[in-house]
Amino acid sequence: MIRLAAVLIGASLIVVMACGGGAGGPAEPGGITSPAPSGVITFGSISLNPTHEHEVFRPFVSHVVSRLGGVGIGRGRIVVVDSISKMVEELKNGRVDVYIDSPFPVAFVGKRADIDLLLRRWKRGSDTYRSVVFARADSGVESVADLTGKMIAFGEPFSTSGFLMPKAALASTGLRLDNYEDAAASVPPDRVGYLFSNDAENTLFWVLKSKVDAGAVNEDYFKGLAGSRISELKILLTTKGVPRNLVCVRQSLDPLVTDALRKTLLGMDKDEEGAAVLKGFEETSKFDLLLGGPEQQLAGIMGLMQYIEEDLGQ
Amino acid sequence: MRIGLRGRFIAFVSAIVIAFGVVLTALAVRVQNDRLRHELDERGKLLTTVVANHATDALALLDVSQLRQVIDDTLGQENVLGAVIFDEDGRVFTDGSVENPSRHQLIDEAARQHVAVSDALLVEFSGDVMTVTKAVYLGDRLLGGVRLSYSRAGLAEDQAMLARKTALVGAVFAVLGVLAAALLTEAVTRPLKEVIAATRAVSEGKSVPALQVRTADEIGELAAAFNEMTRRLQETTVSRDYLDRVLETMGECLVVTRRNGTIARANNAACALAGATEEELVGRHCSDLFRAPEGYTSLLHALNPDGSAQGLETELLTNTGEEIPVLVSIAAMDESPEGRRGYVIVAADISERLRVERQREEFVTMIHHEVRTPLTAVRGAIGLLDGGVAGDLGETGRELVANALRNSKRMERLVNDILVSRKLDFGHMSFHLQEVELMPVVEQAIEATSAYGDEHEIRFDLDETAPGARVQVDPDRLIQVLTNVLSNAVRFSAAGDVVKVGVTRISGLCRVAVADSGPGIPEKFRDQVFEPFARADEANWRNRSGTGLGMSISKAIIEELGGTISFDTEVGVGTTFHIDIPDSE
Chain W
6 MIRLAAVLIG ASLIVVMACG GGAGGPAEPG GITSPAPSGV ITFGSISLNP
56 THEHEVFRPF VSHVVSRLGG VGIGRGRIVV VDSISKMVEE LKNGRVDVYI
106 DSPFPVAFVG KRADIDLLLR RWKRGSDTYR SVVFARADSG VESVADLTGK
156 MIAFGEPFST SGFLMPKAAL ASTGLRLDNY EDAAASVPPD RVGYLFSNDA
206 ENTLFWVLKS KVDAGAVNED YFKGLAGSRI SELKILLTTK GVPRNLVCVR
256 QSLDPLVTDA LRKTLLGMDK DEEGAAVLKG FEETSKFDLL LGGPEQQLAG
306 IMGLMQYIEE DLGQ
Chain D
2 MRIGLRGRFI AFVSAIVIAF GVVLTALAVR VQNDRLRHEL DERGKLLTTV
52 VANHATDALA LLDVSQLRQV IDDTLGQENV LGAVIFDEDG RVFTDGSVEN
102 PSRHQLIDEA ARQHVAVSDA LLVEFSGDVM TVTKAVYLGD RLLGGVRLSY
152 SRAGLAEDQA MLARKTALVG AVFAVLGVLA AALLTEAVTR PLKEVIAATR
202 AVSEGKSVPA LQVRTADEIG ELAAAFNEMT RRLQETTVSR DYLDRVLETM
252 GECLVVTRRN GTIARANNAA CALAGATEEE LVGRHCSDLF RAPEGYTSLL
302 HALNPDGSAQ GLETELLTNT GEEIPVLVSI AAMDESPEGR RGYVIVAADI
352 SERLRVERQR EEFVTMIHHE VRTPLTAVRG AIGLLDGGVA GDLGETGREL
402 VANALRNSKR MERLVNDILV SRKLDFGHMS FHLQEVELMP VVEQAIEATS
452 AYGDEHEIRF DLDETAPGAR VQVDPDRLIQ VLTNVLSNAV RFSAAGDVVK
502 VGVTRISGLC RVAVADSGPG IPEKFRDQVF EPFARADEAN WRNRSGTGLG
552 MSISKAIIEE LGGTISFDTE VGVGTTFHID IPDSE
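Protein sequence lines, in the order shown, are assigned to chains W and D. Under my numbering, the residues of the first sequence are numbered 6 to 319, in order. Under my numbering, the residues of the second sequence are numbered 2 to 586, in order.
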C-alpha cells in the first residue's frame, strides 16, 4: 500500500459527471461489495478544465462501463478535481474508484491513499517517455553544470515530462533550483533559476530566442518542435524513461470489478470499437500489465520524488 | 398584323421602363458588387489589423501558446483560409495548430521585406485569395507580424445571389412598368377614343355633346380644341344657313362665278329674272346671262384692275330671249395663291327706273313742246296786244292784257326753271367752262337784275370788289346763278332797301356775297332752302317766293362749277348768300 500525504494544489474544484446507463448508488467504500447490475464505477482525473476533461473521459468510461455489466456495474461516473490533494481525498473517501495519471502524481497519491497500481497506459504508441533539457548550441552552455546562475524554462507545473521529471533529474545532479516569475530575473551563481512557460512550444521558442538559457520538454516533442532549427540547439540532459501513464484503483474496490476492469482495459485495443475509443482518449494506444510489478515500475520515480515532492504538494 | 396606338404605346413605354430597369439593375449589381468586394477586402484588412493588435502582447512575451490561441480564433472567422504569426525574421511562430507544420518556415520574401520597413498593411491578391500582412511593432521594435489569407471566393456567390435578387427586383419592376404603361395608355387612349367617336358622330351629322376636359395636358387641349371646333362648326353651319336665306330673299340678283366666269351659283332673284332654275344657270358663262356693257366686249372685260366694277348698265338675257335692263356691280372674291376665286355679280332690275326716267324725259319734252312753245306764242301775242298792235284796248283791256302778260312771263320762267332742273337732274345740261375775270361777270349779273330791282325800288350796292380775280366757269351759268340770288334778294327786300354785293378772295376761293335786309330765313326752313319747290309756310314768304326751283338750280349749277353756295341768316335782320368758286390763280 502506498500512502501519500494529502496535498492541496489548487482551488477547491470537484466536478462529478455521470455517464453510462443503469441506476444505483456508488460502490460502497471500504469492504468488498457484491457486484450489482446497477452498480457505479467512478473515474477520477485532475484538471483545471473539467468540462474538457469530461468530454475526453466520457466515451472511454461509457465503453468500459458497458463491459462491466457482468460484475454489477451499470453506470459510470467521472470526478474531476483541480488538485492532487483533492484526488487523494476522493480516493480515501471512496468517491473515486479509478485514477489514471502520469507516474509522479500517481506516486504522490499512492503515498497518501490506499491504491493499487493496475495497468500501464500507452499514449501515441509509446509506453514510456523521457524529457530533454536543451540550450542554444551557441549559448556557451555545454552541460547542466553550466546552468548555474542561468534560467531554465519548464512547461506546466503539473507536467511530468515538462517539469517534474527534468527538474528531479537536474536536482539529482546536485543543482539547486529556484522558481522565478520573470525570465530576466537575476539568478545567484550557485542556483539554477526556473520558470514555467506553460507550453512546450513556448519553451522551445524561449530558448531559440534566448529569452531563457535552457528549456525542458518531452523528448517526443523536442524533435518536432525544433524542426529545421534543431541544429541551433544542444541537448544537455535526457532523463530516464518512465511509464507514460498509470492506472490505479482504490484498494477497497470489489476485486471482481477490479479484475473485470483490468480485463476490459487490456482487451480494448483488440477490437475495433475499443481501439477507436482509445484513440479518442488522448490517443491512448493500449493498456498493458506492469512489467516487474508496481514497485519496479515506480522504483526510479520514487527515488526522484524527494526533489519534487514539494512541488507536487503546492 | 396591325398594332394599334394602344399596343404601340404599351410596347414603347414598357420598353423604356424595362430598359430603364435593366440599366438600373446592372448599375445596382455593379455598385453592389464593388461594395461587396470592397467590404470583403476591408473586412480582411480589418481582421488582420485586429489580429496583429491582439498578438502584440503575446509576441512581446513570446507567448506562443497565446499566439496559437489567437490564430486558432482567427481561423474560426468567416472566409479566413489561413493565418500565421511570425517573428521579426519572418519565421513562423504558429499557424494555430498544435502540430504547427509551418513552424520555423519563412514567409514570402516580399512580405518579409515589407514588414522590415513598414507597419502598413501589405495586401496581395492571387486568384480569389487576398493575403494581408501586417507587421507588429512594440514602439519602434519590430516583434514580428501577422499574415492572413482571406478567401474572396464567397464574393462570387454573394454577387450571384445579389444579381438574382436584383434581377428579381428588376423583373418586378418590369411587370409594374408594363402595368403602369397599360394604365397610362388607357388614360391616354380613352379620351382619344371619345374624340374619335365624337368625330364620327359629327361626320354623320349627329349632335355631339361637349367632351369632358379632365386634364390640363395635351389630351385636355385636344378635347377642348374638339369642343371649340364643333362649336365653330355649328356656328359656321348656322351662318351659312343664315347667309343662304339672306341671299335667297334679297331683291337683287346675285350670281357667283368662278374665275373663268362660269356661273357657280345664282339666287332666287336672279333665277326669277332670268326665267330659269339655278341648275339651268350653273355652268353657263356669265356672258350668256349678261350682255356686254356699252363699250365692252363682255361683262368681265368691264372690270377694273382690282377686279371690281360698279354701276354698269347692261341687260340680263332671260330664257325667253327678253332683255331686262340691269345695273350691275361686280366684286372679285378673295385672292388665293392661284388667283381670284371668282366674282360676285349683283344685278338690280332697273326697268322701272328707266321707265320713270323715260316718262320724265317725255314730260320735259311734252312741257317743252306742248307748254313752252304755245306759251311763247301766247306771251308774244299778249305782248303785241300790250304793245298796241290791236289798237287801244281801253283801260280795262290794257289792265287785263298787262295781267296776262305778267302771268305768262311768270309761267314762262316756271317752265324754263323746270326744264333747267330736269336737265341738271339727267346731266343733260352742257357747261362751257372758261377762265374769266369774276368782277365783270358779277357786274353783268347786277346789271341784268337792276331793272327787276328798280321795279321793286331796290338798289344794288357793290361795296366790295376783287379786281383781277379769275375763275374757271361757264359765265352764262354763273350769271344765271347770280341773277337768281340777286332777284331772290330783291324779292325779300322792302322797297327802298339796298342789296349789298361784295366780291372777296379767301383762301383760294373767290366769294360773292349777296346780302339783303329782309325777314331772314325761318329756322325750320333753313334745311329746305336748296330743295326743289321748297316754300316756307310764313305768309310773307309765300308772296315773295319764285318758282321754288331757283335755289335748287343755283346749288346744282355752282356744284357743277366746283363751288358751293351757302347762307347766313338772322330772322328780322336779313340773309346773306355766299357763292364760293375756286380761284383760278
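The C-beta atom is built at its ideal place from N, Cα and C for all residues, glycine as well.
{"Query": "Neighbourhood of D:R266 by C-beta, 6 angstroms cutoff - its chain only, sequence neighbours within 5 removed", "Result": "V257"}
{"Query": "Residues of the stretch 187-210 of chain W with Cβ closer than 7 angstroms to any Cβ of chain D, in chain order", "Result": "N203, D204, E206, N207, F210"}
{"Query": "Cβ-Cβ separation, W:V254 to W:V103 (assumed contact under 8 angstroms), whole Å", "Result": "5 angstroms"}
{"Query": "Neighbouring residues, chain W, relative to D:S98 (Cβ below 9 angstroms)", "Result": "None at all; the shortest Cβ gap to chain W is about 11 angstroms."}
{"Query": "Collapsed DSSP secondary structure at D:H579 in the structure displayed", "Result": "strand"}
{"Query": "Helix, strand or coil at W:P299 according to DSSP, with G and I counted as helix", "Result": "helix"}
{"Query": "Rounded separation between D:R233 and D:T190 - CA only", "Result": "25 angstroms"}
{"Query": "Identity of the residue in W:A189, W:S215, W:N207, W:F65 nearest D:N101 by Cα", "Result": "W:N207"}
{"Query": "beta-carbon W:D106 near the ligand HEM non-hydrogen atom, thresh 7 angstroms", "Result": "The model depicted lacks the ligand HEM and carries no ligand whatsoever."}
{"Query": "Where the alpha helix (DSSP H) containing W:M156 begins and where it ends", "Result": "W:M156 -> not in any alpha helix (DSSP H); beta strand (DSSP E) instead, spanning 156-159."}
{"Query": "7 angstroms CB neighbourhood of D:H105 in its chain, flanking five on each side removed", "Result": "R92, V93"}
{"Query": "Opening and closing residue of the beta strand (DSSP E) in which W:N250 lies", "Result": "250-255"}
{"Query": "Any chain W beta carbon closer than 8 angstroms to D:S127", "Result": "no"}
{"Query": "Residue environment, D:D245, which counts as buried when at least 16 other CB atoms sit within 10 Å", "Result": "exposed"}
{"Query": "Neighbourhood of D:V133 by C-beta distance below 6 angstroms, restricted to the same chain and skipping five residues each side", "Result": "G45, K46, T49, L122, V124, L149"}
{"Query": "D:H286 (DSSP reduced to helix, strand or coil)", "Result": "strand"}
{"Query": "Interface partners of D:R142 on chain W, CB under 8 angstroms", "Result": "Residues of chain W passing the Cβ test: none, with the nearest at roughly 13 angstroms."}
{"Query": "Residues within the stretch 62-74 of chain D neighbouring chain W, beta-carbon criterion of under 8 angstroms", "Result": "L63, D64, V65, S66, R69"}
{"Query": "Three-state class that DSSP yields for D:Y243 in the structure shown", "Result": "helix"}
{"Query": "Neighbourhood of D:G575 by C-beta distance below 7 angstroms, restricted to the same chain and skipping five residues each side", "Result": "A516, D517, S518, G519, G521"}
{"Query": "Same chain, Cβ closer than 6 angstroms to D:M552, neighbours up to 5 away in sequence not counted", "Result": "V530, F531"}
{"Query": "CB contact flag (D:I480, D:A514, <8 angstroms)", "Result": "no"}
{"Query": "Segment contact flag, the stretch 307-318 of chain W with the stretch 165-172 of chain W, C-beta cutoff 8 angstroms, min 3 pairs", "Result": "yes"}
{"Query": "Under 9 angstroms from the C-beta of W:S233: neighbouring residues of chain D", "Result": "R104, H105, Q106"}
{"Query": "Listed by chain order, chain W residues near D:F94 by CB distance under 7 angstroms", "Result": "F210"}
{"Query": "Runs of alpha helix (DSSP H) wholly within the stretch 332-393 of chain D (minimum 4 residues, chain order)", "Result": "352-367, 374-387"}
{"Query": "Helix, strand or coil at D:D455 [DSSP, three-state]", "Result": "helix"}
{"Query": "Beta-carbon proximity list for D:T577, same chain, < 6 angstroms, skipping 5 on both sides", "Result": "A514, A516, D569"}
{"Query": "Three-way DSSP call (helix, strand, coil) for D:R460 in this model", "Result": "strand"}
{"Query": "Per-residue contacts from W:K214 into chain D (C-beta, under 7 angstroms)", "Result": "L63"}
{"Query": "The stretch 438-456 of chain D / the stretch 480-492 of chain D touching (three or more Cβ pairs under 8 angstroms)", "Result": "yes"}
{"Query": "Neighbourhood of W:V101 by C-beta distance below 8 angstroms, restricted to the same chain and skipping five residues each side", "Result": "T47, F48, G49, V84, M92, E95, R255"}
{"Query": "Same chain only: Cβ atoms within 6 angstroms of D:F10, ignoring 5 sequence neighbours per side", "Result": "T186"}
{"Query": "Contact set for D:I220: own chain, Cβ-Cβ below 7 angstroms, skip 5 residues either direction", "Result": "V189, P192"}
{"Query": "For D:K474, the three-state DSSP class (helix, strand or coil)", "Result": "Here the sequence assigns Val to residue 474 of chain D, which means Lys is not the residue at that position. Of the three classes helix, strand and coil, the one that applies to D:V474 here is strand, per DSSP."}
{"Query": "Contact check, W:V5 vs W:L73, beta carbons under 8 angstroms", "Result": "Here chain W covers residues 6 to 319 and nothing more, so residue 5 of chain W does not appear."}
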